[in-house]
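K.L.:
2 protein chains.
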Amino acid sequence: MLTLYDNLSSGNGYKVRLLLHQLDLRYRRIELDIDKRETRTPAFLAKNPNGRIPTLELENGVHLSESNAILFYLAEATPFLPAARLDRAQVLQWMFFEQYSHEPNIATSRYWLTHGIEITPERKMMLELKKKGGGDALAVMEQHLTKQHYFVASRYTIADIALYAYTHVAEEGGFALAPYPAIRGWLARVAAQPRHIPITRG
Amino acid sequence: MLTLYDNLSSGNGYKVRLLLHQLDLRYRRIELDIDKRETRTPAFLAKNPNGRIPTLELENGVHLSESNAILFYLAEATPFLPAARLDRAQVLQWMFFEQYSHEPNIATSRYWLTHGIEITPERKMMLELKKKGGGDALAVMEQHLTKQHYFVASRYTIADIALYAYTHVAEEGGFALAPYPAIRGWLARVAAQPRHIPITRG
Chain B
1 MLTLYDNLSS GNGYKVRLLL HQLDLRYRRI ELDIDKRETR TPAFLAKNPN
51 GRIPTLELEN GVHLSESNAI LFYLAEATPF LPAARLDRAQ VLQWMFFEQY
101 SHEPNIATSR YWLTHGIEIT PERKMMLELK KKGGGDALAV MEQHLTKQHY
151 FVASRYTIAD IALYAYTHVA EEGGFALAPY PAIRGWLARV AAQPRHIPIT
201 RG
Chain U
1001 MLTLYDNLSS GNGYKVRLLL HQLDLRYRRI ELDIDKRETR TPAFLAKNPN
1051 GRIPTLELEN GVHLSESNAI LFYLAEATPF LPAARLDRAQ VLQWMFFEQY
1101 SHEPNIATSR YWLTHGIEIT PERKMMLELK KKGGGDALAV MEQHLTKQHY
1151 FVASRYTIAD IALYAYTHVA EEGGFALAPY PAIRGWLARV AAQPRHIPIT
1201 RG
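Sequence order for the protein chains is B and U. Going by this note's numbering, the first sequence opens with residue 1, and the numbers climb by one from there. Going by this note's numbering, the second sequence opens with residue 1001, and the numbers climb by one from there.
(1) Flag this pair as yes or no: are the beta carbons of valine 1140 of chain U and serine 1067 of chain U separated by less than 8 Å?
(2) Which two residues bound the contiguous alpha helix (DSSP H) that contains threonine 167 of chain B?
(3) Measure the alpha-carbon distance for aspartate 1006 of chain U versus threonine 157 of chain B and round it to whole angstroms.
(4) Under 8 Å, Cβ to Cβ, is there at least one residue of chain U near tyrosine 73 of chain B?
(5) Name, please, each residue of chain U whose Cβ falls closer than 8 Å to the Cβ of tyrosine 111 of chain B.
(6) Do valine 169 of chain B and glycine 11 of chain B have their C-beta atoms within less than 8 Å of each other?
(7) Look at the alpha carbon of leucine 71 of chain B and the alpha carbon of alanine 1089 of chain U, and state the distance between them as a whole number of angstroms.
(8) For the alpha helix (DSSP H) containing aspartate 87 of chain B, list its first residue and its last residue.
(9) Could you check the C-alpha separation between asparagine 105 of chain B and leucine 1129 of chain U for me, to the nearest Å?
(10) In chain B, which residues lie with their C-beta within 7 Å of the C-beta of glutamate 1038 of chain U?
(11) If you run the structure through DSSP and keep just helix, strand and coil, what is tyrosine 180 of chain B?
(12) Rounded C-beta distance between methionine 1 of chain B and glutamate 59 of chain B? I'm assuming under 8 Å.
(13) Are three or more beta carbon pairs between the segment 1135-1151 of chain U and the segment 180-195 of chain B nearer than 8 Å?
(14) Quick one: give me the first and last residue of the alpha helix (DSSP H) that threonine 200 of chain B is part of.
(15) For lysine 47 of chain B, count neighbouring Cβ atoms within 10 angstroms of its own Cβ and tell me buried if that reaches 16, exposed if not.
(16) Would you mind working out which of B:Leu25, B:Ala162, B:Tyr27 and B:Leu4 sits nearest histidine 102 of chain B, comparing C-alpha positions?
(17) Could you tell me how far apart the beta carbons of glycine 205 of chain B and serine 109 of chain B are, in whole angstroms, since I believe they sit closer than 8 Å?
(18) When you compare only the Cα positions, how much space is there between valine 1152 of chain U and proline 181 of chain B?
(19) Could you check whether alanine 1075 of chain U and tryptophan 1019 of chain U sit closer than 8 Å to each other, using their CB atoms as the reference points?
(20) Quick check on glutamine 125 of chain B - is its C-beta less than 8 Å from some C-beta in chain U?
(21) On the CB-based measure, 16 or more other CB atoms within 10 Å of its CB, does proline 1198 of chain U come out buried or exposed?
(22) Please classify histidine 115 of chain B as buried or exposed, where buried requires at least 16 neighbouring CB atoms within 10 angstroms.
(23) Determine the extent of the alpha helix (DSSP H) in which leucine 106 of chain B is found, giving its start and end residues.
(24) Name the one or two DSSP bridge partners that histidine 1063 of chain U has.
(25) At what residues does the beta strand (DSSP E) containing aspartate 1006 of chain U begin and finish?
(26) Which residue wins for smallest C-alpha separation from glutamate 38 of chain B, given the options B:Glu98, B:Pro54 and B:Thr200?
(27) Using a C-beta to C-beta distance shorter than 9 Å, which residues of chain B count as neighbours of glutamate 1122 of chain U?
(28) At the 8 Å Cβ level, is arginine 252 of chain B part of the contact set with chain U, yes or no?
(29) Going by Cα to Cα distance, which pick from B:Trp94, B:Trp112, B:Arg123 and B:Gly202 is closest to alanine 159 of chain B?
(30) Between which two residues does the alpha helix (DSSP H) holding arginine 1123 of chain U run?
(31) Considering only C-alpha positions, which residue in the set U:Pro1194, U:His1149, U:Asp1024 and U:Arg1201 is nearest to isoleucine 1183 of chain U?
(32) Within 10 Å of its beta-carbon, does alanine 1165 of chain U have 16 or more other beta-carbons around it, so buried, or fewer, so exposed?
(33) Report the neighbours of asparagine 105 of chain B on chain U: residues whose CB is nearer than 7 Å to its CB, in chain order.
(34) Please report the straight-line C-alpha distance between proline 1082 of chain U and aspartate 1035 of chain U, rounded to a whole angstrom.
(35) Against chain B, with Cβ distances strictly below 8 Å, would glutamine 1193 of chain U count as a contact?
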């Protein structure tokens, strides 16, 4: 059986939980407490030397990390990943955009503001930078979604899952979604997909 | 013909230039001056709303961005991207690692230190954080390369190209490579690949 090393508050973990549920795949979930550094123990670093969840342990014992790489692996040959070469590259384009331009701004702000992290003067300054960067990322998404119902190939794919994870809880990171009507419409379409589950469900 | 919107100082651009050359694909290269914000003009934002190079214009007029998504697109069905599902996921795992844990630390430090960017007290503080994050990323690479000659499938793939781009110039960002003998051995193996070109070649 698959084993997912996970944390319920993590949007990156949620991406994988959501796709596993939508694919109706059984798996064992192991909750690790990030705040207590349970992802940095020698036992876990042997599974993922980068010390992060989600990490997926496959049936053959191999460990796969990086949420979007796990999504791509699980979605191969399913309706969640298009077959055409250019569509697949565009799915990856949006997933790299998510990890570079979206997550470090919106997810990190949310983590600091919801995990009781001390807001030092340095973090206060970085929150301002992240406010700008996250707003820029949301504006790029809004522009795209004004013209299309989903990110790639006019249908729900792992690009939508990757971007939904932290966008739908962006307000917890201090990002109001009221100015983004196209994003709000897309969030509702994603949440209405068959077998959708909330981020809080383990 | 393919058109690459590019900047010669960019390691992200170099990834694409290197693979295009190794695949012996002809393309037109358009140099944009990042410092003069030539990637933020209305004309360029129409090609990539996220305002970044590299952006590849395909023969059919579609624009593809995010360096590692472009690598994946170009490498499909070539020896630079393995065919096996798990190998492909591991290639992506290392490419997401590169964009999340490596590039924002090492490439951004290099950019600030080589483009005459003013080192304000805020940037000085962030350079310290990036020193720690970049060192952690290099340590993860060193551990992996102590056991393997290349990142995935025991051969040169786009995962190596993605990680080579900013690792081989890490010292320009203030990251000494002397403590990483396995990385230095791998850098030499990558540089010895057929049709290798330096970052400075347009």
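Where is the CB? At the ideal position from N, CA and C, for every residue including glycine.
P.N.:
Once the coordinates are examined:
(1) As a working mapping, residue 1140 of chain U is identified with position 140 in the second sequence. As a working mapping, residue 1067 of chain U is identified with position 67 in the second sequence. Contact: no.
(2) The sequence position of residue 167 of chain B within the first sequence is 167, counting from 1. Threonine 167 of chain B -> alpha helix (DSSP H) spans 158-167.
(3) Position 6 of the second sequence, counting from 1, holds the residue named residue 1006 of chain U. Position 157 of the first sequence, counting from 1, holds the residue named residue 157 of chain B. Straight-line spacing of the CA atoms in aspartate 1006 of chain U and threonine 157 of chain B works out to 29 Å.
(4) Start at 1 with the first residue of the first sequence, and residue 73 of chain B comes out as number 73. So, interface residue.
(5) Stepping through the first sequence from its first residue, residue 111 of chain B is reached at position 111. Going along chain U, no residue has its Cβ under 8 Å from tyrosine 111 of chain B, so there is no contact; the nearest lies around 14 Å.
(6) In the first sequence, counting from the first residue as 1, residue 169 of chain B sits at position 169. In the first sequence, counting from the first residue as 1, residue 11 of chain B sits at position 11. Cβ atoms of valine 169 of chain B and glycine 11 of chain B: closer than 8 Å.
(7) Here residue 71 of chain B refers to the residue found at position 71 of the first sequence. Here residue 1089 of chain U refers to the residue found at position 89 of the second sequence. The alpha-carbon atoms of leucine 71 of chain B and alanine 1089 of chain U are separated by roughly 9 Å.
(8) Numbered from 1 along the first sequence, position 87 holds the residue referred to as residue 87 of chain B. Aspartate 87 of chain B -> alpha helix (DSSP H) spans 85-97.
(9) As a position in the first sequence, residue 105 of chain B is number 105, starting the count at 1. As a position in the second sequence, residue 1129 of chain U is number 129, starting the count at 1. When rounded, the distance between both Cα atoms is 16 Å.
(10) The count along the second sequence starts at 1 and reaches residue 1038 of chain U at position 38. Residues of chain B passing the Cβ test: none, with the nearest at roughly 18 Å.
(11) One-based indexing of the first sequence puts residue 180 of chain B at position 180. Here tyrosine 180 of chain B sits in coil by DSSP.
(12) Locating residue 1 of chain B in the first sequence gives position 1, counting from the first residue. Locating residue 59 of chain B in the first sequence gives position 59, counting from the first residue. With a Cβ gap of about 7 Å, methionine 1 of chain B and glutamate 59 of chain B count as contacting.
(13) no
(14) On the first sequence, residue 200 of chain B is found 200 positions in, with the first residue counted as 1. That residue, threonine 200 of chain B, is in no alpha helix (DSSP H); it is neither H nor E in DSSP.
(15) Walking along the first sequence from the start, residue 47 of chain B turns up at place 47. By the neighbour-count criterion, in which a residue is buried when 16 or more other Cβ atoms sit within 10 angstroms of its Cβ, lysine 47 of chain B is buried.
(16) Here residue 102 of chain B refers to the residue found at position 102 when the first sequence is read from its first residue. Per the Cα distances, B:Ala162.
(17) Outside the shown range of chain B (1 to 202) lies residue 205 of chain B, about which nothing can therefore be said.
(18) Translated into the one-based positions of the second sequence, residue 1152 of chain U becomes position 152. Translated into the one-based positions of the first sequence, residue 181 of chain B becomes position 181. Approximately 42 Å, taken between the alpha carbons.
(19) Mapped onto the second sequence, residue 1019 of chain U falls at position 19. Mapped onto the second sequence, residue 1075 of chain U falls at position 75. For clarity, residue 1019 of chain U is leucine in the given sequence; the question names tryptophan instead. In terms of Cβ geometry, leucine 1019 of chain U and alanine 1075 of chain U form a close pair [threshold 8 Å].
(20) For the purposes of this step, residue 125 of chain B is identified with residue 125 of the first sequence, where counting begins at 1. Looking at the sequence provided, one finds methionine at residue 125 of chain B rather than glutamine. Residue contact with chain U for methionine 125 of chain B: present (Cβ-Cβ distance below 8 Å to some residue of chain U).
(21) Translated into positions along the second sequence, residue 1198 of chain U becomes position 198. Per the 10 Å Cβ criterion, exposed.
(22) Looking up residue 115 of chain B in the first sequence gives position 115. Flag for histidine 115 of chain B reads exposed.
(23) Along the first sequence, one-based indexing puts residue 106 of chain B at 106. What sits at residue 106 of chain B in the sequence shown is isoleucine, not leucine. Isoleucine 106 of chain B -> alpha helix (DSSP H) spans 103-114.
(24) To locate residue 1063 of chain U, count along the second sequence from 1; it is residue 63. Its beta-bridge partners are U:Glu1057.
(25) Stepping through the second sequence from its first residue, residue 1006 of chain U is reached at position 6. Looking at the DSSP string, the run of the beta strand (DSSP E) that includes aspartate 1006 of chain U is 1002-1006.
(26) Residue 38 of chain B sits at position 38 when you count from the first residue of the first sequence. Per the Cα distances, B:Pro54.
(27) Translated into the one-based positions of the second sequence, residue 1122 of chain U becomes position 122. Here the neighbours are Glu122, Met125, Met126 and Leu129.
(28) Chain B is shown from 1 up to 202; residue 252 of chain B falls before or after that span and cannot be answered.
(29) Numbered from 1 along the first sequence, position 159 holds the residue referred to as residue 159 of chain B. Here the closest residue by C-alpha is B:Trp94.
(30) Position 123 of the second sequence, counting from 1, holds the residue named residue 1123 of chain U. Arginine 1123 of chain U -> alpha helix (DSSP H) spans 1121-1147.
(31) What you label residue 1183 of chain U is simply residue 183 of the second sequence in a count that begins at 1. Among U:Pro1194, U:His1149, U:Asp1024 and U:Arg1201, the Cα nearest to that of isoleucine 1183 of chain U is on U:His1149.
(32) Counting from 1 along the second sequence, the entry for residue 1165 of chain U is found at position 165. The residue in question, alanine 1165 of chain U, is buried, as its Cβ has 16 or more Cβ neighbours within 10 Å.
(33) Indexing the first sequence from 1 puts residue 105 of chain B at position 105. Simply none; closest approach about 11 Å.
(34) The residue labelled residue 1082 of chain U in the question sits at position 82 within the second sequence. The residue labelled residue 1035 of chain U in the question sits at position 35 within the second sequence. Cα to Cα, proline 1082 of chain U sits roughly 37 Å from aspartate 1035 of chain U.
(35) For the purposes of this step, residue 1193 of chain U is taken as residue 193 along the second sequence, with counting starting at 1. By this cut-off, glutamine 1193 of chain U is not an interface position.
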